[in-house]
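The block underneath contains the structure these notes are about, expressed in structure tokens.
Numbering (the working numbering), first residue to last: 67 to 152.
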């Protein structure tokens, strides 16, 4: 899927912002406005076409993003985004 290379660069960008002193709240706002918005916008269209492996990879990305953001609150999965937006 095309989203994986983009997601890696998004994590890098979040790390750079974190290293430049962005607060946790600001990082969460940036991630919500960029990464999460992309996933939520696209999820209903491609969720039915994703294999279980693709969904696992996207869920793993969301977990990695939580590590970068230093949060442990994420309960959402890609499937959650797909069903919430339908």
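Ideal Cβ placement from N, Cα and C applies to all residues, glycine included.
DSSP places residue 86 in the coil class of the three-state scheme, outside both helix and strand. Shown here, residue 93 sits in a helix according to DSSP, grouped into three states. Shown here, residue 116 sits in coil according to DSSP, grouped into three states, outside any helix or strand.
Per the coordinates, the alpha-carbon of residue 92 lies some 23 Å from the alpha-carbon of residue 124. As the crow flies, the alpha-carbon of residue 114 is around 14 Å from that of residue 105.
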